[in-house]
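First the structure, in the form of structure tokens, and then the observations on it.
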Amino acid sequence: MHGRFLLAVTASVAGLALLFGHPLMWRLTWALGCVLAAAAILTWSSTRWIELGRRTRASRAEVGGLAEESFSIHNRGWLPKLWLEVRDLGDMPGHHAGRVISTLWPGSHRSWTVRTVCRRRGMFRLGPVVVAGGDPLGIFRSERRFEQTAPFVVFPRSYPLRDIDLPTGYLSGGRVIRRRTELATSNVRGVRSYRPGDDFKRIHWPTSARRGQLYTREFELDPVADYWILLDLDRSVHTGELGTAIEPGTMPWLQDSATQIDPTSEEHAVTAAASLARHFLESGKSVGLIAHGQRRIVAQPDRGDRQLAKILTHLAVLRAAGRAGLSEVLSAESHELKRHATLVVITPTTSLRWVEALRGLKQRGVHAMAVLVEANTFGPAGSSEALQAALAGAYVPTRVIRNGEPIAAALEGR
């Protein structure tokens, strides 16, 4: 029963009572008026004097991982909340944080935890939250908006890689880069006095024992040249359709984590890029990223966890929306690739044009490897057999990723 309808009925009954003066009409008018007044008071107080708490366990996860949030709602008023509906207005797919709460007594609270399997990479917003309440008859309804928002990043899935037979470039003469670094490398520069915050694993105990105070080892960068990952995001060469989103209420612990990647060439290419970036960076390499998607992305090579987070954040939001072909991207970004650098090209294209551009880079001393995403296993597309033969003729090591096959095994060449 809606409030407007009941108001109209009450007004009609009051009019009849005034017109005919019948006692029954007056009693009915007073009864309806009391019901409306009580409903209005309960509705008015239903979304007032409440306190909503929201805590996100982490601000990022990767595809196949869990996004976990904890909610609590307190009744700080002197009237009970007969029912409350909590709705989350965030844009994260499959994240259903809302609840319907019955009878929240004065001074009491309710809390709940929401765990969502992350099925889509991207940059999402958690919140705001709308809390709705009303009277037990549903005559009136009141809403209150809580502007509590938080960003949440879903990184692409990255698989651990054991070993990759990859051509590696060394700096001229194989010399060590004479520059101090906070990263642990195989080249020890010397020792210095311990500073608060230094990792205890880097303490040089013989020197510390001899001098009677703590000393920490200093490192220099390895002579290995930069690694570049070039991700082809030309929208004309990618195939496949996004899979079905997770159903609300599906228990995350029953999900098979191996099936979290959508059957598209784009998602497999991005996953391959994330896996390679993590592998190289965890091996102490200096890694950069080149991609022409919605916009041009060039992340200069660097080392460490900060660089990994930077690359994964780029990969989280990049889409196959580029207009430039792979050969054009190679030509446009060739100035970034210095002598002895190692370039890994990840592409679903079957065109042979970019092989010549790769030959030119090899003649300049750039080492190269190709990761081909077999587009015809995701949708209508040509075969990459001719491209594989051309790359073999150019002495470029090649890996092939196919739909339904393990990505890690393909990258490792197994």
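Residue numbers for the sequence shown, in numbering that gives the first Met the number 0: 0 to 413.
The C-beta atom is built at its ideal place from N, Cα and C for all residues, glycine as well.
Remember, it's a predicted structure, so these values are computed and weren't measured experimentally.
- Rounded to the nearest angstrom, the gap between the Cα atoms of residue 75 and residue 115 is 30 Å.
- Excluding residues up to 5 positions away in sequence, 274, 278, 407, 410 and 411 lie with their Cβ nearer than 7 Å to the Cβ of residue 160 in the same chain.
- The alpha-carbon of residue 97 is positioned some 56 Å away from that of residue 358.
- Membership of residue 213 in any beta strand (DSSP E) is not indicated, and neither H nor E is assigned to it by DSSP.
- Here the alpha carbons of residue 127 and residue 67 stand approximately 16 Å from one another.
- If you compare the alpha carbons of 145, 50 and 372 with that of residue 80, the shortest gap goes to 50.
- With contacts defined by Cβ atoms closer than 8 Å, residue 156 and residue 286 do not form a contacting pair.
- In this structure, residue 368 sits near residue 165, with a CB-CB distance shorter than 8 Å.
- For residue 267, the enclosing alpha helix (DSSP H) has its first and last residue at 264-281.
- With 16 or more other Cβ atoms inside 10 Å of its own Cβ, residue 340 counts as buried.
- Beta-bridge annotation (DSSP): residue 290 is paired with 230 and 296.
- Scanning 280, 356, 30 and 58 for the CA closest to the CA of residue 152 turns up 58.
- In this structure residue 318 touches residue 293 by the C-beta definition: roughly 6 Å separates them, less than 8 Å.
- In summary, residue 147 is exposed, with fewer than 16 beta-carbon neighbours lying within 10 Å of its beta-carbon over all protein chains present.
- Within the same chain, Cβ atoms closer than 6 Å to the Cβ of residue 134 are found at 38, 41 and 42, the five residues on either side in sequence being excluded.
- Secondary structure note for residue 61: it is in no alpha helix (DSSP H), and the uninterrupted beta strand (DSSP E) holding it is 59-61.
- Assignment of beta-bridge partners to residue 19 by DSSP yields no partner.
- Measuring C-alpha to C-alpha distances from residue 306 to each of 26, 281, 111 and 350 identifies 281 as the nearest.
- Taking the CA atoms as reference points, residue 11 sits about 34 Å from residue 77.
- Taking residue 199 as reference, the option from 106, 364, 213 and 111 with the minimal CA-CA separation is 213.
- By the CB criterion at 8 Å, residue 154 and residue 311 fall inside the cutoff.
- Going by C-alpha positions, residue 237 is about 10 Å away from residue 375.
- Per the C-alpha coordinates, the member of 338, 364, 272 and 332 positioned closest to residue 313 is 272.
- Within the DSSP secondary-structure output, residue 372 pairs in a beta bridge with 400.
- Judged by DSSP secondary structure, residue 113 falls outside any alpha helix (DSSP H) and instead within the beta strand (DSSP E) spanning 108-116.
- Annotation for residue 88: 126, 127, 128 and 129 place their beta carbon closer than 8 Å to its own, counting only its chain and skipping 5 residues before and after.
- Here the alpha carbon of residue 389 sits roughly 29 Å from the alpha carbon of residue 240.
- By alpha-carbon distance to residue 93, the top candidate from 290, 119, 162 and 139 is 119.
- Taking C-beta atoms as the reference points, residue 100 and residue 85 count as a pair closer than 8 Å.
- Annotation for residue 216: 187, 190, 201 and 203 place their beta carbon closer than 7 Å to its own, counting only its chain and skipping 5 residues before and after.
- Residue environment analysis places residue 353 among the buried positions, since at least 16 neighbouring C-beta atoms fall within 10 angstroms of its C-beta.
- Residue 270 sits buried, since 16 or more C-beta atoms from the chains shown fall within 10 Å of its C-beta.
- Taking the CA atoms as reference points, residue 26 sits about 20 Å from residue 138.
- The beta carbon of residue 197 is closer than 7 Å to those of 215 in its chain, skipping five residues each way along the sequence.
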